[in-house]
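Just so you know, the protein sequences line up as chains A and B, in that order. Under the UniProt record's numbering, the first residue of the first sequence carries the number 1, and numbering increases by one thereafter. Under the UniProt record's numbering, the first residue of the second sequence carries the number 1, and numbering increases by one thereafter. Below is one structure, written out as structure tokens; the observations come after it.
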Amino acid sequence: MTSTFLPDKRTGPGAVLPPPAEGRAPSRARRRALNWLTAVGFQLPALVLFIGLVLLPMLFALYAAFFRWGGFGMPSDYVGGENFTRLFQDAVFLGDLWRCLVLVVLSLAVQLPFALAMAVLLNQRMRGRAVYRMLFFAPYVLSEAITGILFGMIFAPDDGFADQILGKVGLEGLGGQWFAEPSTVMATLFLVMTWKYFGFHMMLYLAGLQAVPRELTEAALIDGAGPWQRFCSVTLPLLAPTLRISVFLSVIGAIQLFDLVWVTTAGGPDHHSETMAVTMFQYGFKRYQVGYASAISVVMFGISLVFALAYQRFVLRRDLEGATTTMRGDGK
Amino acid sequence: MGDPALSRRGFLAASAAAGLGMTTLTACGGDSDGGSSGTTTIEWWNISTTEPAKTVWAALARKFEAQNPKVKIKIVQMENDAYKSKMTALTSSGKLPDIFHTWGGGVLKQQVDAGLVEDLTDSTKPWGDALLPAAREPYLIDDRAYGIPFDIGMIGFWYNKALFRKAGISAPPTTWSGFLDAVRKLKSAGVTPLALAGKEKWPGMYYWAYLAMRTAGAGALQKAYEDKDFTGTPFVEAGEHLEELVGLQPFQRGFLGAAYSTPTGQAAAVGNGKAAMELMGQWAPVVQADAGKGLGKDLGFFPFPAVEGGKGTITEVFGGGGGHALRRGAPQAAVDFLKFFASEATDLELVKKTGVLPVVPSAERAIADPNIKAVQEQLKKSTGFQLYLDQAYAPAVGQEVNDSVAALISGSKSPAQVAQSVTRTAREEQ
């Protein structure tokens, strides 16, 4: 893909100064070499940064995962796969995996359908539609840390806004300890996550809905399809590419969840809301067992990678092929 | 799809490497002896980055320079966490600053074992021995002094006198069973006995650490760490005593999610009169007034009660402070500066202006606050000392204590399991 999008030297922006010394047009091979050099020249800074700041640290983390290492000096105490065997015997880490799964399932089963419903609703002609769209999208713009602090205050037992409001309307029974109780912390966390992220998915769906041709819905209407039938047989299939992307983003987000948990509960009470990223942080930056923390990050990376590849291979394949038909036969 | 977590990890490695490189450079360039001109420049690394201490300390350095015209003091200030990581890197590079901040304990011992720290036992004897014994304790390694304190503090119970009166408790308890009785009385008077920041874990650890000191004696926590064995009966008993307390449900509602210094946290609960006590250090009154309303005259302090049948006594203290150590081979001027900094005149100024507890006994007349005076009384009487576990232990072991005790308090670990997990982590840390 490197050479195709470069502007032709004779017609592109670089055409102001044609090579005056050369009387004849450069040979095809020469031009290609020149193009190639230009491409490398432009990509080199980004490539150096990418290799130095992304690729090498990643490889280094993989390397460090095989050492008992405190984070200073170079790792020297090689322990083989010990960090990984310890990881998969660690009740907290196994719990992290379970909680990750719970969040994924909840996101897919509750948050995304909710976002879809809102999107369909706000796709109707109605008064103040733009205001609602903006309101629902607003939480996504807020930083995770601010969201965490805010909801930490809202869900403070007794004194918090949530308990106060519930008390005022005579629903004290529904109030509780929210983040402070092992049995309710995940539900509370998921509530905040939904509040924060459903607007983003709703926006995705709205954009997808705009692309559904009105003629199709109208045709279905003429054929006598009811609203539910129109939604299931026309809207939903046409929205499928958007849905697939939204599911993908949601799952990757759940795997890497950190900020919100760290600020609201720091993984507590008693690890009941801890995620892989929080466990990694605890070991890396609190206990200075950086080798072990690296092992956690490697597993996180592995899970993300396997999921991303499998998802692209089996679920997104049609979308990707549709989007980049020219690439066919290039890859694989 | 890049993994931000991984690149974050890499960032640590990169910044650690960068820090290491930089510190080696400064260590090379920062040679202290001026040479030909006859002036000596000493580097003084400290963590007083906040006011008023920052200004007061700089002024003290100028004062010392005025008294010693041939000495120049170069102040290098770093924020707490940055300082800790930089010192770790410096320790492995093998050269420390002339004068540097230390908390004593395990980290200082590590530096001493590496042969990087000046033995101050003889050079500071005439004036050093007069300092408060509890304050000197963290810097004594095998009975040799490797640091000179400028601050000291301790953990104890801060209580609301009005709520104690309401519950009919005439005097602060001095025994564990008396303490449990007081908790029961407070509960039946409708008062939340204790505030605890369960989210942050370290405040809960204080209970276990103190109980272990009371059951096993003051030196036991350090010895258990060195022997990598916390499974002795007294440590399990400490957990059982804590379990008794937890069984009375003494903490505020939702304590498992509470932070320490936020408006709905531990300090605020006491400061606003919603809970009767908290187990906290000498900084507690300030935080209570900052996060909540503060109790003013109703606030009192009492030491952690003794446990019946335990080896420890009520006068053994869990705490820590701050001090200075010198690199091995530091110039005489650095020793002179330590003497200047631990003089009565300096300490009076530090106590008055920066609110630290005096390390020079005669400087206690500068204390105005009755509560700080109460803490000072306890420190003066102290017969044993245990440094804060996060400074006495390697980070992983300290964190494991916090984590296991938090699990005990929330009911998911038994006292024996706490002892086992801490032991296991202590063994993992070579």
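All residues carry an ideal CB built from backbone N, CA and C; glycine is no exception. Please read these numbers as outputs of a predicted model, since none were measured by experiment.
Per the DSSP calculation, residue i is bridged to which residue(s)?
| i | result |
| --- | --- |
| B/GLN77 | B/ASN46 |
| B/ILE314 | DSSP output for B/ILE314 lists no bridge partner at all. |
| B/GLY384 | B/GLU316 |
| B/HIS101 | B/HIS324 |
| B/LYS72 | B/THR41 |
| A/TYR78 | A/PHE67 |
| B/ALA275 | B/THR192 |
| B/PHE157 | B/LEU279 and B/PHE302 |
| B/THR175 | B/ALA306 |
| B/ALA145 | B/LEU140 |
| B/ASP151 | B/GLY322 |
| B/VAL375 | BP columns for B/VAL375 are empty, so no partner. |
| B/PHE251 | B/LEU194 |
| B/VAL117 | B/ARG327 |
Chain A partners of residue i, CB-CB under 7 Å?
| i | result |
| --- | --- |
| B/VAL138 | With the sequence shown as reference, residue 138 of chain B is identified as Pro, and Val is not the correct amino acid for it. Neighbours of B/PRO138 on chain A: none; closest Cβ ~21 Å, over 7 Å. |
| B/PRO303 | Residues of chain A passing the Cβ test: none, with the nearest at roughly 29 Å. |
| B/LYS199 | THR265, ALA266 and GLY268 |
So, under 8 Å CB-CB, residue i and residue j are touching, yes? Tell me the CB distance rounded to an integer number of Å.
| i | j | result |
| --- | --- | --- |
| B/THR346 | B/LEU60 | 6 Å |
| A/ALA225 | A/LEU103 | About 36 Å separates the two Cβ atoms, so there is no contact after all. |
| A/PHE67 | A/TYR78 | 6 Å |
| B/GLY257 | A/ALA180 | 3 Å |
| B/THR192 | A/ALA156 | Going by Cβ atoms, the distance from B/THR192 to A/ALA156 rounds to 15 Å, so no, they are not a contact pair. |
| B/VAL76 | B/GLU43 | 6 Å |
| B/GLY322 | B/ASP98 | Not a contact, Cβ separation roughly 17 Å. |
| B/VAL236 | B/ALA419 | 5 Å |
| A/VAL192 | A/LEU236 | No, A/VAL192 and A/LEU236 are not in contact; Cβ-Cβ is about 28 Å, not under 8 Å. |
| B/SER410 | B/SER421 | Incorrect: roughly 14 Å between the Cβ atoms, too far for contact. |
| B/GLY310 | B/ARG214 | 5 Å |
| B/ILE155 | B/GLY281 | 5 Å |
| A/PHE136 | A/MET118 | 6 Å |
With 16 other CB atoms within 10 Å as the buried threshold, where does residue i fall?
| i | result |
| --- | --- |
| B/ALA220 | buried |
| B/THR23 | Low confidence applies here, because B/THR23 scores a pLDDT of 40, under 50, leaving its location unreliable; read the following figure in that light. B/THR23 is buried by the Cβ-count criterion. |
| A/ARG99 | buried |
| B/LYS125 | exposed |
| B/THR50 | exposed |
| A/VAL16 | In this prediction, A/VAL16 has a pLDDT of 48, which is less than 50 and means its spatial position is unreliable; what the coordinates show is noted afterwards. With fewer than 16 other Cβ atoms within 10 Å, it is exposed. |
| A/ASN83 | buried |
| A/ARG313 | exposed |
| A/MET276 | buried |
| B/PHE255 | buried |
| B/GLN332 | exposed |
| B/GLY292 | buried |
| A/MET74 | exposed |
| B/THR231 | exposed |
| A/PHE50 | exposed |
| B/LYS297 | exposed |
| A/GLN210 | exposed |
Mind pulling the chain A residues with CB within less than 8 Å of residue i?
| i | result |
| --- | --- |
| B/LYS293 | Near B/LYS293 there are no residues of chain A at all, since even the closest Cβ is about 14 Å away, more than 8 Å. |
| B/GLN399 | GLN282, LYS286 and ARG287 |
By the criterion of Cβ-Cβ separation under 9 Å, what are the contact partners of residue i in chain A?
| i | result |
| --- | --- |
| B/PRO395 | GLY70, LYS286, ARG287, TYR288 and GLN289 |
Please compile the residues from chain B whose C-beta is within a distance smaller than 9 Å of the C-beta of residue i.
| i | result |
| --- | --- |
| residue 374 of chain A | With chain A running from 1 to 332 in the structure shown, residue 374 of chain A is simply not present. |
Does the Cβ of residue i lie closer than 6 Å to at least one heavy atom of the ligand FMN?
| i | result |
| --- | --- |
| B/GLY128 | This structure does not include the ligand FMN; it has no bound ligands of any sort. |
So which residues of chain B does residue i contact, with C-beta pairs closer than 8 Å?
| i | result |
| --- | --- |
| A/ASP158 | ARG253 and GLY254 |
Would residue i pass as an interface residue toward chain C - the criterion being a Cβ-Cβ separation below 7 Å?
| i | result |
| --- | --- |
| B/ALA284 | Checking the listed chains, one finds no chain C in this structure; the protein chains it contains are A and B. |
Given a limit of 7 Å on CB to CB distance, which residues of the region 402–423 of chain B reach chain A? Near chain A, meaning a CB-to-CB distance below 7 Å, the residues of the region 402–423 of chain B are ALA406, ALA407, SER410 and SER412.
Between the region 65–97 of chain A and chain B, which residues of the former have a C-beta closer than 7 Å to a C-beta of the latter? Close to chain B, meaning a Cβ-Cβ distance shorter than 7 Å, are the following residues of the region 65–97 of chain A: GLY71, PHE72 and GLY73.
Between the region 87–119 of chain B and chain A, which residues of the former have a C-beta closer than 8 Å to a C-beta of the latter? So the list reads THR88, ALA89 and SER92, given in the order they occur along the chain.
Interface residues of the region 245–263 of chain B facing chain A [CB-CB below 9 Å]: The residues in question are GLN252, ARG253, GLY254, PHE255, LEU256, GLY257, ALA258, ALA259, THR262 and PRO263.
Of the residues that make up the region 178–202 of chain A, which ones have a beta carbon closer than 9 Å to any beta carbon in chain B? So the list reads TRP178, PHE179, ALA180, GLU181, PRO182 and VAL185, given in the order they occur along the chain.
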